[in-house]
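First up is the structure itself, then whatever we jot down about it.
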Amino acid sequence: MISGYSFLEGIEELLIALKEKNYEMHAFTNYPVWYEMIEEKLKISKYLSWTFCSCKNGNLEILP
Numbered sequence: 010m011i012s013g014y015s016f017l018e019g020i021e022e023l024l025i026a027l028k029e030k031n032y033e034m035h036a037f038t039n040y041p042v043w044y045e046m047i048e049e050k051l052k053i054s055k056y057l058s059w060t061f062c063s064c065k066n067g068n069l070e071i072l073p
């Protein structure tokens with residue numbers, strides 16, 4: 010499964026540019042703890058915060 014995750018062409022460079030300009034970026038996910046494997050592979054937290062991860066917060070969906 011983890012092999013299926015990678016940055017699209019140009020995305021990592023875009024994230025670097027946005028971070029250098031001090032944009033605050035966040036990630037949200039409804040994945041179970043898979044996001045930890047994605048983080049381990051891509052190191053996304055270099056660029057943004059994992060703000061809401063339902064598997065940690067205990068909410069599997071956003072209620073209206």
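If you count the sequence shown from 1, you need to add 9 to reach my numbering. We treat Cβ as the ideally placed atom computed from N, Cα and C, and that holds for glycine. A quick note: this is a predicted structure, and the numbers were derived from the prediction, not measured.
Ile53: not part of any alpha helix (DSSP H); DSSP gives it neither H nor E.
Tyr32 and Thr60 have their C-alpha atoms some 15 Å from each other. Residue environment analysis places Ile11 among the exposed positions, since fewer than 16 neighbouring C-beta atoms fall within 10 angstroms of its C-beta.
Bounds of the alpha helix (DSSP H) holding Glu29 are 20-29.
The stretch 39-47 makes no contact with the stretch 19-26, as fewer than three CB pairs between them are under 8 Å.
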